[in-house]
Amino acid sequence: MSLEMKYCQLGSDLVVTDGSTIEGYASLFGKADQGGDTVETGAYAASLLKNAAKKASIKMLWQHDPAQPIGVWDEVREDAKGLWVKGRILTDVARGREAAALIGAGAIDGLSIGYRTIKSRKNDKGGRLLSELELWEVSLVTFPMLPDARVGAKGDDPAAQTLREMAAVFNDARRQMAPD
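Counting from 4, one number per residue, gives the positions in the sequence shown under the numbering used here.
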């Protein structure tokens with residue numbers, strides 16, 4: 004099984020303070036994404052326990068690029084709503100400064116999880132119900148896949164929505180072309 008990515012737009016629950024501390028939901032339970040997949044409650048529990056036992060951290064990356072870590076997630080946990088994260092963008096790193104500026108300007112408004120599917124089953128809408136995931140990383144991204152969690156402060160620009168919809172089409176095509 005290969006690494007998969009699930010995009011989630013930063014929501015009104017997202018808080019950015021001092022331009023570098025970020026907290027909010029990286030994944031929401033029970034919400035179908037644009038690819039038809041739904042993460043079930045508890046899907047991350049085993050992975051989070053395993054990481055805690057090994058004292059391993061979930062990585063904060065820029066656009067899923069393992070060569071571009073931009074910060075650290077200090078807290079990653081499940082609650083009734085989804086996968087909640089809190090961390091620090093490292094502004095001493097060039098890409099971290101760029102990320103903080105882009106978030107502050109509203110140009111970047113997405114989170115995406117990198118994971119491996121452990122357990123899933125087909126749902127009645129052509130997607131999957133994801134019941135157990137091995138979480139590898141949470142990235143800041145341009146085009147998130149789950150539109151229900153959004154940044155409320157910058158408003159909804161129709162041109163940005165069109166770009167998001169186009170990105171979703173490309174992401175869905177990539178997912179369908181990827182080997183199982």
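Cβ atoms here follow ideal geometry from the backbone N, Cα and C, with glycine treated the same way.
Keep in mind that this is a model prediction, so the values were computed, not measured.
- For Val42, the closest alpha carbon among the candidates Ala55, Leu143 and Ile121 is that of Ile121.
- If you check the CB distance, Ile111 and Ile25 do not come in under 8 angstroms.
- Between Phe32 and Leu132, the alpha-carbon positions lie close to 10 angstroms from each other.
- Here Lys84 carries a coil assignment [DSSP, helix/strand/coil].
- Straight-line measurement puts the Cα of Asp127 at about 25 angstroms from the Cα of Leu138.
- The C-alpha of Ala59 lies about 23 angstroms from the C-alpha of Arg98.
- At a cut-off of 3 residues, the continuous stretches assigned as beta strand (DSSP E) that sit fully inside the stretch 63–147 are 68–81, 85–92, 113–125 and 131–144.
- Judged by beta-carbon spacing, His67 lies beyond the 8 angstroms limit of Ser134, meaning their Cβ atoms are not closer than that value.
- If the five residues before and after Thr94 are omitted, its C-beta is found closer than 6 angstroms to the C-beta atoms of Ser23, Arg100 and Ala103, all from its own chain and listed in chain order.
- Ser30 carries a strand assignment under DSSP once its states are collapsed to helix, strand and coil.
- Here the C-alpha atom of Ile116 lies approximately 22 angstroms from the C-alpha atom of Ala108.
- Residue state for Ala35 is assigned as strand, using DSSP reduced to three classes.
- Boundaries for Ser60: no alpha helix (DSSP H) harbours it, and the DSSP string shows neither H nor E there.
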